[in-house]
Amino acid sequence: MRDQGRWPQPAGQDQAERLAACLERAAQALAPQVAAPAEPAPPPAPKTRPAHGPLVLFADGGSRGNPGPAGAGAALMDPAGQQVAAWHRYLGITTNNVAEYQALIMGLEGALDLGVAELLVRLDSELLVRQLQGVYQVKSPHLRPLFAQARALAGRFAVIQFQHIPREQNAIADRLANLAMDQR
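Quick note on our numbering: the sequence shown kicks off at 491 and runs consecutively.
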């Protein structure tokens, strides 16, 4: 991981152009998945500077029982808070910590597939955040391969930061994880 601490200072128009290109690639990648009736295009909006900052990934995993039926959910948001993409997956019977890592990995892979370069990852699992920041060691043998996979994926972003948030602020990813468990 190249940057886990603080974000580089805004680089002006250059950074705005990179963000606009990133959002354009994400929109193009999602276009085939979106079925909407064709409407005439609105007149072009005046050129404005796009919102600054990285895209935000919310990820959450859970199990009903520990271990128990588990699911993973992740949502990618633009700097203005609009959803860019969302994923969920039923994981079978596993622990909550495995589900948390699986949700993170799913979200990181999805963001990379969309060409995202700068990412703020928000998780309600303090354990994962502290392990990924190097504050806590990964003591559990069954979490080590997942940790290694998450670190390898994180290293592919130009800028990435992990942030612990309260559970209430991770509602979108929690809903997706529960949807995955409900749809098994």
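C-beta atoms are modelled at their ideal positions from N, C-alpha and C, and glycine is treated no differently.
Quick caveat: nothing in here was measured; it's all calculated off a predicted structure.
| Check | Outcome |
| --- | --- |
| Pair within 7 Å by beta-carbon distance, Ser-615 and Glu-590 | yes |
| Nearest-angstrom Cβ-Cβ length linking Gly-563 and Leu-666, presumed shorter than 8 Å | 2 Å |
| Residue span of the alpha helix (DSSP H) that contains Ile-650, given as start and end | Careful: Ile-650 lies outside any alpha helix (DSSP H), inside the beta strand (DSSP E) at 649-654. |
| Endpoints, beta strand (DSSP E) assigned at Pro-635 | Careful: Pro-635 lies outside any beta strand (DSSP E), inside the alpha helix (DSSP H) at 634-644. |
| Per-residue DSSP class, three states only, for Val-611 | strand |
| Touching by the beta-carbon criterion (3+ pairs, under 8 Å), the region 562-577 and the region 625-637 | no |
| Short Cβ contact (7 Å threshold) for Ala-670 with Gly-561 | yes |
| Local conformation of Gln-659 per DSSP, three classes | helix |
| Spatial neighbours of Asn-586 in its chain, beta-carbon cut-off 8 Å, leaving aside the 5 residues before and after | Gly-551, Gly-552, Ser-553, Asn-556, Ala-560 |
| Bridge-paired residues (DSSP) for Gln-573 | Met-567 |
| Start and end residues, alpha helix (DSSP H) containing Leu-547 | Per DSSP, Leu-547 belongs to no alpha helix (DSSP H); it is in the beta strand (DSSP E), 545-553. |
| Straight-line Cα distance separating Leu-618 from Ile-595 | 12 Å |
| CB contact flag (Phe-548, Ile-650, <7 Å) | no |
| Exposure of Gln-572, with buried meaning 16 or more beta-carbon neighbours within 10 Å | exposed |
| Pairwise C-alpha distance: Asn-660 and Val-611 | 11 Å |
| Val-574 burial status per 10 Å Cβ neighbour count (16 or more: buried) | buried |
| Candidates Ala-593, Arg-579, Gly-605, of which the one nearest Asp-672 by Cα | Arg-579 |
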